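*Asks:* Below is a structure I'd like to ask you about.
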Amino acid sequence: MKKGNFNQWITNFKNMDKKEFIRKNDKLIAISMITFSGMLCLSVGVALPLLPKEGSDKTVLLQISKSQVEKKKSNEIVLKEMQSEVNQPISVDVRDYVDTTLLDEEVIKKLKLDTSLVNILEPGNYTYVIKYKNKTYNGIYVIKEKELPKVDKITLKSFDWFVGQSLSQNLDDYITVNLSDEVKANCKLDLSQVNINQVGAYAYTVSYDGQVYTGVITVINNPAEQPTQQEVLPPASTDNTGVLPTT
17 MKKGNFNQWI TNFKNMDKKE FIRKNDKLIA ISMITFSGML CLSVGVALPL LPKEGSDKTV
77 LLQISKSQVE KKKSNEIVLK EMQSEVNQPI SVDVRDYVDT TLLDEEVIKK LKLDTSLVNI
137 LEPGNYTYVI KYKNKTYNGI YVIKEKELPK VDKITLKSFD WFVGQSLSQN LDDYITVNLS
197 DEVKANCKLD LSQVNINQVG AYAYTVSYDG QVYTGVITVI NNPAEQPTQQ EVLPPASTDN
257 TGVLPTT
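Count the sequence shown with my numbering and you get residues 17 to 263, in order.
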């Protein structure tokens, strides 16, 4: 289209009713739309091969999102305060002794654990050691007394005992309740204040899980060993020497 014709076409467009303009120039408009559609399809056809394959864009986006959100680990070695009951084996896995959320996997693999100073047979506070790159970190390991079964009350017997006779060391002879073997194994019988060679009343105790229970043993003379009245009275004599007179 020449420049003069184009300008005339624009002028007619401005002065003409729009519906009338479209009716008279419908072929030109249709051709223009077809041309535009063709250009659009051509652009899409060129651009499509440049896009990543299906699924690849999702993978890339996921990796970027994870790296952006994931907090970088400080690799600061923070030790835990460990504890276990007496006579129980302790862990030898270094992961149980440090805050692993702060450490990269490569750092964890290089940590060296030493628990040789921890005595699992005796309650108390001990030190464990972790070494990393010529640095030593000391942690606390607490060995606790074993938690014992709960017992409401232990009732003891009070009884008489003949003088001179040895006392039993069997706990069952002193208690009035049924106790489990574990409870009895942790009871301590104390008869140290009972004098079996002297008549009198004496206290004895049984201790369990911090509680002390008391009973009474009364040491008495054995009637079977008491002298008869004839043996008690001195023989008759004429003086105070106790010697019988001769006839």
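Just so it is clear, CB atoms sit at the ideal spot from N, CA and C, and this is done for glycine as well. Since the structure is predicted, the reported quantities are computational estimates derived from the model, not experimental observations.
#1: Pairs of beta-carbons, one from the stretch 152 to 159 and one from the stretch 178 to 188, closer than 8 Å: are there three or more?
#2: Could you say if the stretch 213 to 228 and the stretch 191 to 205 meet the contact criterion of at least three C-beta pairs nearer than 8 Å?
#3: E138 by DSSP, collapsed to three states: which one?
#4: With distances taken Cα to Cα, identify the nearest neighbour of N91 among V108, Y218 and L118.
#5: Below 8 Å on the Cβ atoms is my contact criterion, and I expect K147 with K128 to pass it. Report the Cβ-Cβ distance as a whole number of Å.
#6: Rounded to the nearest angstrom, what separates C57 and K125 at their Cα positions?
#7: Leaving aside the five residues before and after Y218 along the sequence, list all residues of the same chain whose C-beta is less than 6 Å from its C-beta, in chain order.
#8: Return the chain-ordered ranges of every alpha helix (DSSP H) run that is complete within the stretch 192 to 248 and spans a minimum of 4 residues.
#9: Looking at C-alpha atoms only, which residue of S100, Y113, R111 and V235 is the closest neighbour of F178?
#10: How big is the Cα-Cα spacing for Y142 and V167?
#11: Which word fits V215, buried or exposed, when buried means at least 16 other C-beta atoms lie within 10 angstroms of its C-beta?
#12: Looking at the unbroken beta strand (DSSP E) that takes in I170, where does it start and where does it end?
#13: L267 by DSSP, collapsed to three states: which one?
#14: Rounded to whole angstroms, what's the CA-CA distance from I159 to V94? Just pull it up for me.
#15: Tell me the DSSP secondary structure of K147 in three-state form.
#16: Under DSSP, the alpha helix (DSSP H) around K125 begins and ends at which residues?
#17: Assign L133 to one of two classes, buried (16 or more other C-beta atoms within 10 Å of its C-beta) or exposed (fewer than that).
#18: Mapping DSSP to helix, strand and coil, what is D189?
*Replies:* If we stick to the structure as given:
#1: The stretch 152 to 159, when compared against the stretch 178 to 188, does not touch it at the 8 Å Cβ threshold.
#2: With a cut-off of 8 Å, the stretch 191 to 205 and the stretch 213 to 228 count as touching, because enough Cβ pairs lie within range.
#3: Coil at E138, not helix or strand.
#4: With distances taken between Cα atoms, N91 lies closest to L118.
#5: Correct: roughly 4 Å between the Cβ atoms.
#6: Because the pLDDT of C57 is 48, which lies under 50, any placement of that residue in the model is unreliable, and the number read from its coordinates should be weighed accordingly. Take the alpha-carbon of C57 and the one of K125: they are about 58 Å apart.
#7: The residues are Q209, V210 and I233.
#8: Within the stretch 192 to 248, the complete alpha helix (DSSP H) runs of at least 4 residues are 197 to 201 and 245 to 248.
#9: Put simply, of S100, Y113, R111 and V235 the residue whose alpha carbon is nearest the alpha carbon of F178 is V235.
#10: Spanning the two alpha carbons is a distance of roughly 31 Å.
#11: It is exposed - the Cβ of V215 has fewer than 16 other Cβ atoms within 10 Å.
#12: Note, I170: premise wrong, no beta strand (DSSP E); not H, not E.
#13: In the structure as shown, the chain starts at 17 and stops at 263, and residue 267 therefore has no counterpart that could be examined.
#14: Roughly 21 Å separates the two Cα atoms.
#15: Correct three-state label for K147: strand.
#16: From DSSP, the alpha helix (DSSP H) with K125 extends over E121 to K125.
#17: When all chains shown are included, L133 counts as exposed.
#18: Residue state for D189 is assigned as helix, using DSSP reduced to three classes.
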